[in-house]
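S.K.: Dropping the structure in here first, questions after.
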Amino acid sequence: MGVVIIFFKAYVLFVIVMILVYTVRHYLFAVLRMTGKQRLYYNDIKSSQMKSITVLIPMHNEEAVLNNVLDSLLQCDYDKDLLEIIPIDDNSTDKTEEMLDEYHRKYEFIRPIHRRCPDRGKPVGLNDAMKIATGEIIIVFDADYRPAKNMLRELAIAFEDPEVGAVMGRVIPYNTNKNILTRLINMERSGGYQVDQQARYNLKTVPQYGGTVGGFRKDLMLEMGGFNPLVLAEDTELTYRFFTNGWKVIYANTAECYEESPETWTVRGRQIRRWARGHNQVLFRYLFRVLVSPYMNFKEKVDGIMLLFVYAIPAFFLMAQIISVMLFFLGEMKIFEGWWVLIFIGVYNSFGNFAPFFQIGSALVLDGIWGEAFLLPLLLFNFYFYMWHISLGFFDAIADVVTKRKVKWAKTVRFAEKKVVFAEGTSQEERENEKKQLEKEEQNKES
Amino acid sequence: MKKKRKIFYARYYRHLKVDLWKVFVFTLLFTAPILLICFIFMDDASRFVCNLGIKILADIFPGLPFNIDVTDFSIISKLYYIDLPVFYPSKYQIYGNIVVSVLIMLISMKKIWKGSPLTIYFFLNGTIHLVNSLYFLFATYDFPVKAVTYSKLYMQQEAGIITIFLLLMGLCTAFVGNRNYLAKIMASLAVLIYSIVFGMTRYILFLYILTKYSILYVSLMYFTIGPILDFVYFVMIYAAFINHMIKIFDSTQERDLWEWS
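Taken in sequence, the protein lines are chains A and B. Letter by letter, the first sequence follows residues 0 to 446 of numbering that gives the first Met the number 0. Letter by letter, the second sequence follows residues 0 to 260 of numbering that gives the first Met the number 0.
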């Protein structure tokens with residue numbers, strides 16, 4: 000029994016130290032972003048010969064939102080002779096196919112592909128589309144995004160630098176004022192991009208490609224075998240694949256794009272669990288490769304490894320919590336006295352999700368968002384939520400490794416309001432009933 | 000002549016004009032002395048809280064032996080805490096708490112609430128309380144935590160909370176701008192005052208519950224509504240500070256606060 004207790008205490012101490020290291024890392028990010036000299040993106044480069052680009056938009060039953068992304072892309076100020084848009088209709092059962100074909104009829108450079116096969120998922124869809132893409136650069140958007148007018152030019156210009164393999168833009172939720180959840184996600188996004196990603200770009204460490212609002216060199220990706228369909232987080236995998244092969248991933252804070260964030264906790268929980276599962280799959284595959292990579296310097300390796308463990312820490316912490324309860328009931332609580340418990344709880348609380356409260360606070364100052372800071376204390380409950388769902392995702396990833404099972408792709412539920420056109424003479428009551436019916440269908444889809 | 004309108008830098012690459020040397024000096028001149036004062040007066044403050052607590056508890060529970068004991072707080076200071084008798088729960092009380100814990104867990108597991116932050120919070124803490132109640136059901140007198148153990152632990156925690164919070168607030172506010180020292184000092188003082196008042200009130204209330212309703216609720220006090228709640232007010236005070244600073248930084252009154260790239 001004594002040995003077990005010593006092991007338990009050692010484990011808790013290990014987790015305390017780990018989280019403390021992360022807190023220091025985030026503190027440095029906050030200080031450097033808030034007070035230090037910023038590394039600018041390639042905004043001062045003007046090229047008269049922009050590279051040809053292909054925009055890929057993976058879609059599965061996106062009739063509610065696809066107009067937004069396609070109409071926004073049509074407004075973009077990129078030379079249409081150098082632009083190709085490939086919406087990847089992946090086994091949609093709604094009106095996605097008809098709507099995309101209608102766009103194709105109107106605009107020749109919008110060339111949708113309709114996948115009707117059991118092999119579903121974002122990575123395989125992207126691989127199929129890359130094979131027929133004509134652009135040198137691939138830029139990816141999710142179907143619920145609304146790129147700004149200058150977005151394509153902003154992202155594509157980075158590839159004038161021959162060392163750049165991939166670029167990532169900034170994601171900003173547009174449905175911020177829907178409820179508490181969307182407001183909290185907005186703050187987290189702000190902390191994650193304005194401070195975290197920009198600080199990593201400043202430090203020349205490992206900014207992360209996020210799978211959407213970003214681009215990469217097509218030939219490079221095809222040479223490396225395309226996306227791995229066994230990995231759920233194809234974006235994180237791309238980041239590490241490029242870095243371990245000597246290419247850079249950079250971050251463009253000026254390339255802002257608007258996304259729809261989940262509006263219910265159930266959807267957010269599933270999303271986080273899927274991210275955690277995919278990210279940890281990458282952790283298991285790339286930890287050793289990062290350690291031995293001759294192309295990454297010491298700074299990149301340290302940050303790269305810490306980034307790899309980001310979705311494992313909450314699971315470690317949950318286990319430490321369970322052990323601390325056991326120690327409490329065993330009367331072995333000496334370790335939690337005074338200072339220790341404070342560090343334990345302090346760092347865990349400030350850990351939040353991936354952006355501690357001071358990092359989000361710094362981002363709010365930089366973004367000039369007044370009033371939202373008062374939601375910061377709610378991160379406490381958010382943390383329980385993340386700890387739970389991320390831990391489930393972590394154990395999913397372990398099960399993937401042990402059982403070698405094939406991962407199934409799942410799409411995040413969209414919340415954009417459907418545009419319903421009523422026939423002339425439809426009564427108010429019939430309109431209300433129709434709207435209620437649609438809402439019910441959405442809820443059923445969600446559950 | 001009409002004053003020229005101030006044009007703000009875009010958010011992309013702006014950052015605050017901060018002299019990190021000044022930040023360091025401010026931290027050294029303000030946070031370090033206030034921490035030192037805390038250490039020096041920690042024993043007196045804890046003795047004051049104990050005297051007040053005993054006065055209140057003795058009035059409510061006349062005839063019960065409440066005493067003051069002393070322990071070390073790290074290597075720096077001494078800490079006083081209230082020594083009080085332990086009261087064990089009755090079988091009915093234990094059964095009642097088992098039923099309530101199970102109900103909380105079941106309600107939390109219901110599909111409609113499944114997965115929300117509060118549900119997870121209640122489910123985890125309901126589980127802890129269930130284990131705690133079962134412990135009392137099968138081995139009441141073997142429960143390792145006595146009322147006095149908790150009392151001592153609480154005092155040590157509060158002392159730690161006050162010092163760590165002051166240090167954290169100092170570090171988190173120091174780099175937010177070159178000036179506005181008053182706001183930074185106010186944030187730290189607010190944390191100090193709130194910690195003392197909240198910590199003292201909760202200490203006496205928890206000891207009252209342990210005496211009146213038994214030691215059964217000790218794990219709830221430790222894990223559910225213990226030090227974790229201190230972080231809520233700490234972050235709230237930080238949030239108020241940040242909100243105030245955002246207003247200053249984006250006002251037309253304050254010039255020269257921002258730099259580009």
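Just so it is clear, CB atoms sit at the ideal spot from N, CA and C, and this is done for glycine as well. All values derive from a computational prediction rather than experimental measurement.
Taking only the alpha-carbon atoms, compute the straight-line gap between E83 of chain A and L73 of chain A and give it to the nearest angstrom.
M.R.: 11 Å
S.K.: If you measure between the beta carbons of A198 of chain A and F28 of chain A, is that distance less than 8 Å?
M.R.: yes
S.K.: Please list, in chain order, the residues of the stretch 6-24 of chain B that have any C-beta partner in chain A closer than 7 Å.
M.R.: R10, Y11, Y12, R13, H14, L15, V17, L19
S.K.: State whether the stretch 360-373 of chain A contacts the stretch 250-264 of chain A, with contact taken as three or more CB pairs (one from each stretch) at a distance under 8 Å.
M.R.: no
S.K.: Can you check whether the CB of N149 of chain A is closer than 8 Å to the CB of G35 of chain A?
M.R.: no
S.K.: Going by DSSP, what residue range makes up the alpha helix (DSSP H) through E97 of chain A?
M.R.: 95-105
S.K.: To the nearest angstrom, report how far apart L81 of chain A and P57 of chain A are at their CA atoms.
M.R.: 20 Å
S.K.: Give every residue of the same chain whose Cβ lies closer than 8 Å to the Cβ of L133 of chain B, excluding the five residues on either side of it in the sequence, and list them in chain order.
M.R.: I97
S.K.: Taking the beta strand (DSSP E) that T448 of chain A belongs to, which residues open and close that run?
M.R.: Any property of residue 448 of chain A remains undetermined from this structure, which presents chain A solely from 0 to 446.
S.K.: Would you mind giving the Cβ-Cβ distance between L78 of chain B and A158 of chain B, rounded to the nearest angstrom? I have them listed as a contact below 8 Å.
M.R.: 6 Å
S.K.: Might you give, ordered along the chain, the residues of its own chain that have their beta carbon closer than 6 Å to the beta carbon of S218 of chain B, omitting 5 neighbours on each side?
M.R.: Excluding residues up to 5 positions away in sequence, I127, N131 lie with their Cβ nearer than 6 Å to the Cβ of S218 of chain B in the same chain.
S.K.: Under a three-way DSSP split, which group does T235 of chain A fall into?
M.R.: Under the three-state reduction of DSSP, T235 of chain A is assigned to helix.
S.K.: Would C116 of chain A be called buried (16 or more neighbouring beta carbons within 10 Å of its own) or exposed?
M.R.: exposed
S.K.: Pull the bridge partners of W246 of chain A from the DSSP assignment, please.
M.R.: W246 of chain A pairs with nothing; no bridge assigned.
S.K.: What in chain A is Cβ-close to Y134 of chain B, meaning under 8 Å?
M.R.: F328
S.K.: Quick check: is the beta carbon of A238 of chain B nearer than 8 Å to any beta carbon in chain A?
M.R.: yes
S.K.: Go ahead and label S260 of chain B buried or exposed: buried means 16 or more other beta carbons lie within 10 angstroms of its beta carbon, across all protein chains shown.
M.R.: Counting Cβ neighbours within 10 Å, S260 of chain B comes out exposed, since fewer than 16 surround it.
S.K.: Report the option in A:Q196, A:V170, A:D195 whose CA atom is closest to the CA atom of N185 of chain A.
M.R.: The shortest Cα separation from N185 of chain A among A:Q196, A:V170, A:D195 belongs to A:V170.
S.K.: Is there at least one Cβ from chain A nearer than 8 Å to G114 of chain B's Cβ?
M.R.: yes
S.K.: M33 of chain A versus chain E: which residues are under 8 Å apart at the beta carbon?
M.R.: Absent from the structure: chain E. Protein chains present are A and B.
S.K.: Pick from B:L167, B:L19, B:H14: whose alpha carbon is nearest that of R32 of chain A?
M.R.: B:H14
S.K.: Can you tell me where the beta strand (DSSP E) holding T70 of chain B begins and where it ends?
M.R.: 66-72
S.K.: Under 8 Å, do S250 of chain B and Y87 of chain B count as touching if we go by C-beta distance?
M.R.: no
S.K.: Consult DSSP for F140 of chain A and reduce its assignment to one of helix, strand or coil.
M.R.: coil
S.K.: Between the beta-carbon of H388 of chain A and the beta-carbon of I312 of chain A, is there less than 8 Å?
M.R.: no
S.K.: Grouping DSSP H, G and I as helix and E and B as strand, with all else coil, what is G168 of chain A?
M.R.: strand
S.K.: Applying a beta-carbon distance threshold of less than 7 Å, which residues of chain B neighbour Q280 of chain A?
M.R.: Going along chain B, no residue has its Cβ under 7 Å from Q280 of chain A, so there is no contact; the nearest lies around 22 Å.
S.K.: In chain B, which residues lie less than 7 Å from T265 of chain A when you measure between Cβ atoms?
M.R.: Going along chain B in sequence order, the residues near T265 of chain A (Cβ under 7 Å) are G114.
S.K.: Please report the distance separating the alpha-carbon of F40 of chain B from that of V14 of chain A.
M.R.: 32 Å
S.K.: Answer with buried or exposed for N381 of chain A, where buried requires no fewer than 16 other C-beta atoms within 10 angstroms of its C-beta.
M.R.: buried
S.K.: Assuming the contact rule is C-beta atoms closer than 8 Å, Y193 of chain B and Y232 of chain B should be a hit. Round their C-beta distance to whole Å, please.
M.R.: About 5 Å; that satisfies the 8 Å criterion.
S.K.: Hey, Y144 of chain A and T211 of chain A are a contact pair by Cβ (cut 8 Å); roughly how many whole angstroms apart?
M.R.: 6 Å
S.K.: Span of the alpha helix (DSSP H) holding S107 of chain B?
M.R.: 90-108
S.K.: Looking at the C-beta of F197 of chain B, does it have a partner C-beta in chain A at a distance below 8 Å?
M.R.: The beta carbon of F197 of chain B sits no closer than 8 Å to any beta carbon of chain A.
S.K.: Would you call the stretch 14-25 of chain A in contact with the stretch 36-55 of chain A, where contact means no fewer than 3 C-beta pairs closer than 8 Å?
M.R.: no
S.K.: Closer than 7 Å by beta-carbon distance: list the chain A residues that pair up with M244 of chain B, in chain order.
M.R.: V364
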